[in-house]
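In terms of the numbering used here, the sequence shown is residues 1 to 127.
Backbone N, C-alpha and C define an ideal beta-carbon position, used for all residues, glycine too.
Bear in mind that the values here come from a model prediction, so they are computed numbers and not experimental data.
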Amino acid sequence: MKKNEKGFISTLDAVFALLALLIFSTIIFSYLQKTPDINDVFVYRQAYDIMTVLEYTNFSNPSSVFINTPSSLCMRLEVYDSSMTLLSTYYKVNCDVSNINEKITWRTFIDGQNFRMAKLAVWRKEG
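Structural data, given as C-alpha coordinates:
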(Lines of atoms letter the chains of each structure in order from A and count residues from 1; the text may use other names and numbers.)
(Lines give C-alpha, C1' and ligand atoms only; values in the text may rest on other atoms or scores of the structure.)
Protein backbone atom coordinates (compact mmCIF):
# COMPACT_ATOMS: atom_id res chain seq x y z
CA MET A 1 0.00 0.00 0.00
CA LYS A 2 2.88 2.42 0.65
CA LYS A 3 4.07 2.12 -2.95
CA ASN A 4 0.73 3.33 -4.35
CA GLU A 5 0.62 6.33 -1.98
CA LYS A 6 4.04 7.52 -3.15
CA GLY A 7 2.87 7.39 -6.75
CA PHE A 8 -0.24 9.38 -5.91
CA ILE A 9 1.82 12.11 -4.15
CA SER A 10 4.27 12.32 -7.09
CA THR A 11 1.40 12.61 -9.58
CA LEU A 12 -0.32 15.27 -7.49
CA ASP A 13 2.96 17.21 -7.21
CA ALA A 14 3.39 17.10 -10.99
CA VAL A 15 -0.19 18.31 -11.54
CA PHE A 16 0.35 21.28 -9.23
CA ALA A 17 3.66 22.11 -10.94
CA LEU A 18 2.02 22.03 -14.39
CA LEU A 19 -0.86 24.16 -13.16
CA ALA A 20 1.54 26.73 -11.71
CA LEU A 21 3.54 26.75 -14.96
CA LEU A 22 0.38 27.26 -17.00
CA ILE A 23 -0.77 30.19 -14.84
CA PHE A 24 2.68 31.80 -14.89
CA SER A 25 2.99 31.40 -18.68
CA THR A 26 -0.47 32.89 -19.23
CA ILE A 27 0.40 35.95 -17.15
CA ILE A 28 3.71 36.47 -18.97
CA PHE A 29 2.27 36.10 -22.48
CA SER A 30 -0.75 38.29 -21.78
CA TYR A 31 1.59 41.06 -20.58
CA LEU A 32 3.85 40.72 -23.63
CA GLN A 33 0.97 40.87 -26.10
CA LYS A 34 -0.36 44.24 -24.98
CA THR A 35 -0.26 46.72 -27.81
CA PRO A 36 1.57 49.95 -27.05
CA ASP A 37 -0.35 53.19 -26.87
CA ILE A 38 0.01 55.02 -30.18
CA ASN A 39 0.73 58.29 -28.36
CA ASP A 40 3.63 56.67 -26.50
CA VAL A 41 5.02 55.32 -29.77
CA PHE A 42 4.76 58.80 -31.30
CA VAL A 43 6.54 60.44 -28.37
CA TYR A 44 9.37 57.86 -28.38
CA ARG A 45 9.81 58.24 -32.13
CA GLN A 46 9.97 62.01 -31.81
CA ALA A 47 12.51 61.69 -28.98
CA TYR A 48 14.79 59.50 -31.09
CA ASP A 49 14.51 61.87 -34.06
CA ILE A 50 15.29 64.90 -31.88
CA MET A 51 18.32 63.12 -30.41
CA THR A 52 19.56 62.36 -33.91
CA VAL A 53 19.32 66.03 -34.91
CA LEU A 54 21.03 67.07 -31.67
CA GLU A 55 23.82 64.59 -32.35
CA TYR A 56 24.38 66.01 -35.86
CA THR A 57 24.64 69.49 -34.36
CA ASN A 58 26.98 68.10 -31.67
CA PHE A 59 24.51 69.22 -28.98
CA SER A 60 25.86 72.76 -29.47
CA ASN A 61 22.54 74.66 -29.51
CA PRO A 62 19.64 72.51 -28.25
CA SER A 63 17.28 75.49 -27.93
CA SER A 64 17.30 76.05 -31.70
CA VAL A 65 16.39 72.39 -32.23
CA PHE A 66 13.62 72.56 -29.61
CA ILE A 67 12.01 75.54 -31.37
CA ASN A 68 11.53 73.46 -34.52
CA THR A 69 9.64 70.66 -32.77
CA PRO A 70 5.84 70.38 -32.56
CA SER A 71 4.31 72.77 -30.04
CA SER A 72 2.46 69.86 -28.42
CA LEU A 73 5.77 68.32 -27.30
CA CYS A 74 7.72 69.40 -24.27
CA MET A 75 11.27 68.33 -23.53
CA ARG A 76 14.22 68.57 -21.20
CA LEU A 77 17.80 67.76 -22.20
CA GLU A 78 20.44 66.94 -19.61
CA VAL A 79 24.09 66.53 -20.59
CA TYR A 80 26.41 64.47 -18.37
CA ASP A 81 30.13 63.78 -18.39
CA SER A 82 31.58 60.26 -18.23
CA SER A 83 31.27 60.14 -14.43
CA MET A 84 27.54 61.03 -14.66
CA THR A 85 28.05 64.56 -13.35
CA LEU A 86 25.36 66.87 -14.71
CA LEU A 87 26.98 69.51 -16.91
CA SER A 88 23.97 71.36 -18.32
CA THR A 89 20.21 71.26 -18.62
CA TYR A 90 18.07 72.72 -21.40
CA TYR A 91 14.29 73.16 -21.44
CA LYS A 92 11.84 73.87 -24.22
CA VAL A 93 10.20 77.26 -23.69
CA ASN A 94 6.55 77.42 -22.58
CA CYS A 95 6.70 73.96 -21.00
CA ASP A 96 6.87 72.62 -17.49
CA VAL A 97 10.28 71.40 -16.34
CA SER A 98 9.07 67.81 -15.93
CA ASN A 99 6.05 65.57 -16.29
CA ILE A 100 4.99 62.27 -14.79
CA ASN A 101 4.39 60.85 -18.30
CA GLU A 102 7.75 61.78 -19.77
CA LYS A 103 9.56 59.30 -22.00
CA ILE A 104 13.33 59.07 -21.65
CA THR A 105 15.96 58.36 -24.28
CA TRP A 106 19.76 58.40 -23.95
CA ARG A 107 22.53 59.07 -26.45
CA THR A 108 26.31 59.04 -26.05
CA PHE A 109 28.57 61.39 -27.99
CA ILE A 110 32.09 62.75 -28.12
CA ASP A 111 32.66 66.44 -27.40
CA GLY A 112 36.21 67.16 -28.54
CA GLN A 113 38.22 64.67 -26.47
CA ASN A 114 35.48 64.12 -23.87
CA PHE A 115 32.89 61.38 -23.66
CA ARG A 116 29.40 62.75 -22.90
CA MET A 117 25.91 61.34 -22.34
CA ALA A 118 22.68 63.10 -23.19
CA LYS A 119 19.35 62.32 -21.56
CA LEU A 120 16.27 63.62 -23.33
CA ALA A 121 12.89 63.57 -21.58
CA VAL A 122 9.91 64.17 -23.89
CA TRP A 123 6.22 64.42 -23.06
CA ARG A 124 3.01 65.79 -24.50
CA LYS A 125 1.90 69.19 -23.29
CA GLU A 126 -1.23 68.95 -21.19
CA GLY A 127 -4.11 71.26 -21.74
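Could you please give the first and the last residue of the uninterrupted beta strand (DSSP E) stretch that includes residue 111?
Position 111 of the sequence shown holds residue 111. Element bounds for residue 111: 103-111.
In its own chain, which residues sit with a C-beta less than 7 Å from the C-beta of residue 86, not counting the 5 before and 5 after it?
Taking the sequence shown and counting its residues from 1, one reaches residue 86 at position 86. Contacts found: 78 and 80.
How far does the beta strand (DSSP E) with residue 114 in it reach, from first residue to last?
Locating residue 114 in the sequence shown gives position 114, where the first residue counts as 1. Note, residue 114: beta strand (DSSP E), 114-124.
Can you check the segment 28-99 for any beta strand (DSSP E) of at least 3 residues that lies completely inside it and give the ranges in chain order?
73-81 and 86-91
May I ask you to verify whether the segment 86-102 touches the segment 58-67, counting CB pairs closer than 8 Å and requiring at least 3?
The segment 86-102 vs the segment 58-67: in contact.
So residue 105 and residue 48 are in contact, right, with Cβ under 8 Å, and what is the actual spacing, rounded?
For the purposes of this step, residue 105 is taken as residue 105 along the sequence shown, with counting starting at 1. For the purposes of this step, residue 48 is taken as residue 48 along the sequence shown, with counting starting at 1. So it is a contact: roughly 6 Å between Cβ atoms.
Could you compute how far the alpha carbon of residue 58 sits from the alpha carbon of residue 41?
Within the sequence shown, numbered from 1, the residue matching residue 58 stands at position 58. Within the sequence shown, numbered from 1, the residue matching residue 41 stands at position 41. Those two C-alpha atoms are separated by around 25 Å.
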